[in-house]
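For any residue, its number in the working numbering is found by taking its place in the sequence shown, counting from 1, and adding 90. Glycine is no exception: its CB is placed at the ideal position from the N, C-alpha and C atoms. Taking it in order: structure first as structure tokens, then the write-up.
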Amino acid sequence: MLTKTKRGSSGDDPGLAELLRGGAESAFRSLETTLLGDGGPFGSRWSTVAQLTLPEQAWLLHALHLLTQNPADYQRLPAVARLIGHAGRHTAEPGDGAFEREVLAVSGWTEAVFPATLTLPEPVEMSVEPADDAWVSEEVDRRLAAAPGTFLDPVDAADLGTAIQAELRARFPGARYEGPLYDGYDLSSRVRDSVGLPDDDAAQAAYVTMLGGDPAILQTDRDLAGRVKTLISRDASHGPGREVFVPAAEKSLLTHAFLHLLAHPEFRERAGRLEEDLVALFTAEYGAGEAPAEGPAVALAEELGSDRLKVAFFFGRTEYLGL
């Protein structure tokens, strides 16, 4: 059970209230010693904390106190450093569940502790069969039929981006301390219109590859190439600068594009062929729309459970897929 605290109301938390009787510096040094033992190998970090504003210091003290109430096997020295660095851009205040999730995620506590609650599956050899040309053509037509008929409203997109980022922070089983949920990334300012995406031959080939098909089909089926070109401008995507591209301000599309940014680099390196399927599965859970009825991700979810898929996707722990 996590200890809840309220901003400006330390009386609800007798332990922290007692620490604060001696002032912020005394409280910080006490919490630091509890977590690290005499400030760790580099001495106390109070000189850095003293440069924070008073509200930032208050947030940090509540955050450190929360860690002391949740003993676990995690790296405490970097956890304290991360929370100090995060105090100036925190998104939730003490007193609600979002604060607890943020502190435990940013500190690295969740990333260390949550996977340990799961058992590892037996190792397996996984192979994903390439999609045949007929399926790729049908999938392109299905996506074109489902594409929105409206166009992107930048104001609506910004508002929706803010809401989605906040909702994903609240609903994740946890998030890694590095990544767009808590590293200062602002989804609302990174939404772009899909009509600005490249749609040349290379982009078309990449799209077919993403679907699991052989891009060579585009050389012989020019009608399909034309449909893929149209679809690129009417589908969700993401860019190398962490921009997200959507054709309209629709929750499912923007959630889908944002989830791609949250894929852990090690997951992408080891099991990237599963990314599109898992994003579709998580979009149905966190965003809107129907979950896929078949495919590798559906089979894995049935066999391993959703939590193992999330640990692999968001934390890069692909051993929980049996890989």
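8 angstroms contact criterion, which residue i and residue j should meet: CB distance rounded
i	j	result
S284	A248	That belief does not hold up - the Cβ atoms of S284 and A248 are roughly 16 angstroms apart, past 8 angstroms.
A361	T408	5 angstroms
L208	D397	6 angstroms
Alpha-carbon spacing of residue i relative to residue j, whole angstroms
i	j	result
Y410	R358	14 angstroms
A378	E122	43 angstroms
W136	R119	7 angstroms
A306	R312	11 angstroms
E219	L413	17 angstroms
D367	Y164	31 angstroms
S100	R261	Reliability fails at S100, whose pLDDT of 39 lies under 50, so the model's placement of it is uncertain and the value that follows must be treated cautiously. Distance between the alpha carbons of S100 and R261: 27 angstroms.
F469	A265	Outside the modelled stretch of the chain, which goes from 91 to 413, sits residue 469, for which no answer is possible.
D102	R179	For D102, the pLDDT reaches just 48, beneath the cut-off of 50, and the residue's location in the model is therefore unreliable, although a value from the coordinates is still provided. Cα to Cα, D102 sits roughly 25 angstroms from R179.
T158	T320	54 angstroms
L156	L142	19 angstroms
A236	P386	22 angstroms
A293	L343	19 angstroms
T345	P337	13 angstroms
L371	G198	25 angstroms
E212	T124	39 angstroms
F132	V139	14 angstroms
V281	R111	46 angstroms
L144	Y376	35 angstroms
Residue i at chain D interface by Cβ criterion, 8 angstroms
i	result
T299	Although the question refers to chain D, the structure presented lacks it and comprises just one protein chain.
Sequence-distant residues of its chain with Cβ nearer than 6 angstroms to residue i (five each side left out)
i	result
D222	none
V388	P382
L109	A117 and S120
E356	G406
K94	With a pLDDT of only 37 at K94, under the threshold of 50, the placement of this residue in the model should not be trusted; the figure read from the coordinates follows. Taken in chain order, the list of residues that qualify is empty.
E201	R266 and F405
T240	A338
Contact under 8 angstroms by Cβ, residue i with residue j
i	j	result
Y267	A206	no
L151	A182	no
R259	L271	yes
L250	R324	no
W149	A169	no
V334	L351	yes
D246	A339	yes
L167	L106	no
T373	L349	yes
A153	V193	yes
Residues of its chain near residue i, where Cβ-Cβ distance is below 7 angstroms and the 5 sequence neighbours each way are ignored
i	result
Y275	R332
M300	E366
D289	K319, I322 and S323
E459	Beyond the ends of the chain as shown, which are 91 and 413, falls residue 459; an answer cannot be given.
H354	R266, F403, F404, F405 and G406
G395	none
Cutoff 8 angstroms; reference residue i; Cβ partners in own chain excluding five residues on either side
i	result
V298	V226, D304, P305, I307, L308 and V318
May I have a chain-ordered list of the beta strand (DSSP E) segments no shorter than 3 residues that lie completely inside the region 103 to 155? List check, beta strand (DSSP E) in window: nothing returned.
To test your reading of the DSSP string, which unbroken alpha helix (DSSP H) runs of 4 or more residues are found completely within the region 195 to 256? Qualifying alpha helix (DSSP H) stretches, in chain order: 199 to 203 and 223 to 236.
Jot down the residue ranges of each uninterrupted beta strand (DSSP E) in the region 266 to 304, minimum 3 residues, whole runs only, in chain order. Runs of the beta strand (DSSP E) inside the region 266 to 304: 281 to 283.
For the region 339 to 409, which segments carrying the alpha helix (DSSP H) assignment without a break, of at least 4 residues, lie completely within its bounds, in sequence order? With a minimum length of 4 residues, the continuous alpha helix (DSSP H) runs that stay inside the region 339 to 409 are 341 to 352, 355 to 361, 365 to 376, 386 to 394 and 396 to 405.
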